[in-house]
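*Asks:* There's a structure below that I have some questions on.
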Amino acid sequence: MLELKKIESGYGPARILHGVSLTVGKAEIVCLLGSNGAGKTTTLLTILGILKPSAGTMVFNGEALGGCKTTEIVRRGIAIVPEGRRIFGPMTVAENLMIGASVRNEPAAAAETLEMVLELFPLLRERLDQLSGTLSGGQQQMLAIGRALMTRPQLILMDEPSMGLSPLMCDEVFDIILRIRDRGLSVLLVEQNAYASLAVASRGYVLESGQIALEGSARELREDDMIKEAYL
Ligand code: ATP
Numbered sequence: 001m002l003e004l005k006k007i008e009s010g011y012g013p014a015r016i017l018h019g020v021s022l023t024v025g026k027a028e029i030v031c032l033l034g035s036n037g038a039g040k041t042t043t044l045l046t047i048l049g050i051l052k053p054s055a056g057t058m059v060f061n062g063e064a065l066g067g068c069k070t071t072e073i074v075r076r077g078i079a080i081v082p083e084g085r086r087i088f089g090p091m092t093v094a095e096n097l098m099i100g101a102s103v104r105n106e107p108a109a110a111a112e113t114l115e116m117v118l119e120l121f122p123l124l125r126e127r128l129d130q131l132s133g134t135l136s137g138g139q140q141q142m143l144a145i146g147r148a149l150m151t152r153p154q155l156i157l158m159d160e161p162s163m164g165l166s167p168l169m170c171d172e173v174f175d176i177i178l179r180i181r182d183r184g185l186s187v188l189l190v191e192q193n194a195y196a197s198l199a200v201a202s203r204g205y206v207l208e209s210g211q212i213a214l215e216g217s218a219r220e221l222r223e224d225d226m227i228k229e230a231y232l
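Residues in the sequence shown are numbered consecutively from 1, following the UniProt record's numbering.
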């Protein structure tokens, strides 16, 4: 579904990714592990077209993404749940969700998608009129995932969705990721919590200094001595 080949990317003259190649299949959860500053967020921002690769190719559903604007990439079916959630605190839960829907400008479909999101997150249904800034961290994370789903993506990029959450809320987030996959969506998951992400993912990559240092099935990575020492 998504294929990156030899991507070089970064911030202006600062080259961060050096030839990153990875794939994500349909209805697959793939995790991207790596220490702080390895380039995980940079990879997600490049896929979404916020950063422009200086070399390499990106193909999504058989179509090249190179040169596409972010809005076009979202329309083609890629959404992001950004690091730190980035929900709009002074706006209500409903307004935050409708921002996701606004990318498509299809009111009838938006109502249907909203119903699907509220089925997945009953706690958001009870709080549609509440200001988002007054939600707990875990509730805000659910809202950020719900907002991404409102764009009706086929692939969701998630940047540290369990960060700062209680163990109970972390379990809920990983459970939601599995339920999203069960609905046929794909997830590229960036996580510090390697143990939990390798438990839900089918495959994973380890990024080190902007290069893929290791890749394999989740089982292979769980049993790898380097991974055990560095991340588990
Ligand atoms: P973290 O867990 O810390 O978020 P990461 O693997 O996601 O780690 P990135 O955020 O992709 O890492 O950062 C990779 C490198 O890019 C780091 O060296 C970082 O300092 C640098 N970097 C990040 N944002 C910028 C920016 N706006 N301008 C210049 N360099 C940046």
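Glycine residues also receive a C-beta, built at the ideal position from the N, C-alpha and C atoms.
#1: Looking at the unbroken alpha helix (DSSP H) that takes in Q140, where does it start and where does it end?
#2: Counting along the chain, where does the beta strand (DSSP E) carrying T23 start and finish?
#3: Given the structure, does Y11 come close to the ligand ATP, in the sense that its CB is under 8 Å from one of the ligand's heavy atoms?
#4: Spatial neighbours of L124 within its chain, please: CB distance less than 8 Å, with the 5 preceding and 5 following residues excluded, ordered by chain position.
#5: For A111, is the classification buried or exposed, using 16 other Cβ atoms within 10 angstroms of its Cβ as the cut-off for buried?
#6: Just tell me which of G210, P161 and E172 has its CA closest to the CA of E191.
#7: For the stretch 47-83, which segments carrying the alpha helix (DSSP H) assignment without a break, of at least 4 residues, lie completely within its bounds, in sequence order?
#8: Could you give the first and the last residue of the continuous beta strand (DSSP E) run that contains G10?
#9: Pull the bridge partners of L114 from the DSSP assignment, please.
#10: Between which residues of its own chain and Y231 is the CB-CB distance below 7 Å, once the five residues before and five after are set aside?
#11: State the beta-bridge partners of R127 as determined by DSSP.
#12: Is L214 near the ligand ATP - that is, is its Cβ less than 8 Å away from at least one heavy atom of it?
#13: Could you tell me the distance, in whole angstroms, from the CA atom of T42 to the CA atom of L189?
*Replies:* Based on what the coordinates show:
#1: As a first step, residue 140 must be located in the sequence shown, where it is residue number 140. Element bounds for Q140: G137 to L149.
#2: Reading the sequence shown from its first residue, position 23 is the one you call residue 23. Its beta strand (DSSP E) spans residues A14 to V24.
#3: Along the sequence shown, read from residue 1 onward, the residue named residue 11 stands at position 11. Yes - the ligand ATP has a heavy atom lying nearer than 8 Å to the Cβ of Y11.
#4: Start at 1 with the first residue of the sequence shown, and residue 124 comes out as number 124. Excluding sequence neighbours, L124 sits near V93, L97, V117, L118, Q139, M142, L143 and G146.
#5: Taking the first residue of the sequence shown as position 1, residue 111 is located at position 111. Looking at its Cβ environment, which holds fewer than 16 other Cβ atoms inside 10 Å, A111 is exposed.
#6: As a working mapping, residue 191 is identified with position 191 in the sequence shown. The shortest C-alpha separation from E191 is found at P161.
#7: Those alpha helix (DSSP H) runs which fall completely within the stretch 47-83 and span 4+ residues are 70-76.
#8: Numbered from its first residue, the sequence shown carries residue 10 at position 10. L2 to Y11 is the span of the beta strand (DSSP E), which, as asked, contains G10.
#9: Taking the first residue of the sequence shown as 1, we reach residue 114 at position 114. Answer is none; L114 lacks a bridge partner.
#10: Here residue 231 corresponds to residue number 231 of the sequence shown, with the count starting at 1. Result list for Y231: L33 and A194, in chain order.
#11: Mapped onto the sequence shown, residue 127 falls at position 127. Note: R127 sits in no beta bridge, so no partner.
#12: The count along the sequence shown starts at 1 and reaches residue 214 at position 214. No - the ligand ATP has no heavy atom lying nearer than 8 Å to the Cβ of L214.
#13: Taking the first residue of the sequence shown as position 1, residue 42 is located at position 42. Taking the first residue of the sequence shown as position 1, residue 189 is located at position 189. Whole-angstrom Cα-Cα distance: 13 Å.
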